[in-house]
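Start counting the sequence shown at 1; every next residue gets the next number (the UniProt record's numbering).
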Amino acid sequence: MFFLGFDPGRDKCGVAIMECDRQIHFHQVFTSETVLAEIPKLCEQFPVEQVVMGNQTTSKQWKEKLESILSTQITVAMVDERNSSVEARDRYWHMYPPKGLTRLIPKSLRVPPRPVDDIVAILLIERYLKNGQWTMDNG
Numbered sequence: 001m002f003f004l005g006f007d008p009g010r011d012k013c014g015v016a017i018m019e020c021d022r023q024i025h026f027h028q029v030f031t032s033e034t035v036l037a038e039i040p041k042l043c044e045q046f047p048v049e050q051v052v053m054g055n056q057t058t059s060k061q062w063k064e065k066l067e068s069i070l071s072t073q074i075t076v077a078m079v080d081e082r083n084s085s086v087e088a089r090d091r092y093w094h095m096y097p098p099k100g101l102t103r104l105i106p107k108s109l110r111v112p113p114r115p116v117d118d119i120v121a122i123l124l125i126e127r128y129l130k131n132g133q134w135t136m137d138n139g
């Protein structure tokens, strides 16, 4: 089973595709204007059965927009996204360890060189799976 993680935002949105075995197949940040055109393409490329999205910034409007473009077989689940941006910055440095002089900067002072909304989308799927909202019996 494939999950599409979605971190909605006013200017940019993070999207990730993860399998139930937690293998990440795709992650990228899109502008808010282009993301709704990209999600159906990803759902064709990967057999997505569940969308997991954050429940904070503009989430109600985004949920309605997603449901209008998704197949009726794909459901949308809301997940608590509090502190996910801070957690995503830490995860960024695990995924992309610092090199050169950046390694000498204390971890708490490092700032990723790009938006981490896609990593937030990964974390949202992980939270969904961890919280028992989905089990292998469901898939």
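Note that CB positions come from ideal geometry on N, CA and C, so glycine has one too.
Of all alpha-carbon atoms in GLU49, GLN61, GLU38, the one lying nearest the alpha-carbon of MET18 is that of GLU49. Note on HIS94: under 16 other CB atoms within 10 angstroms of its CB, so exposed under the neighbour-count rule.
By the C-beta criterion, the region 106-114 is judged not to be in contact with the region 54-67, since fewer than 3 inter-stretch pairs fall below 8 Å. Judged by their CB atoms, PRO112 and ARG103 are not nearer to each other than the 9 Å cut-off. Counting along the chain, the unbroken alpha helix (DSSP H) around LYS60 starts and ends at 59-69. When secondary structure is reduced to three states using DSSP, THR72 falls in the coil class, being assigned neither helix nor strand.
For ARG89, same chain residues with a beta-carbon under 7 Å away, outside a window of 5 residues either side, are PRO112, VAL116 in chain order. A distance below 9 Å separates the beta carbons of ASP7 and CYS13. Contact annotation: the region 71-83 does not touch the region 26-34, with fewer than three C-beta pairs closer than 8 Å. With respect to LEU4, ILE74 sits close: the two C-beta atoms are nearer than 9 Å.
In the structure shown, LYS107 adopts helical secondary structure according to DSSP, grouped into three states. If you compare the alpha carbons of ILE39, ASP11, ARG10 with that of SER71, the shortest gap goes to ILE39. Taking a contact as a CB-CB distance under 8 Å, the pair ILE125 and HIS27 does not count as one, their CB atoms being some 10 Å apart.
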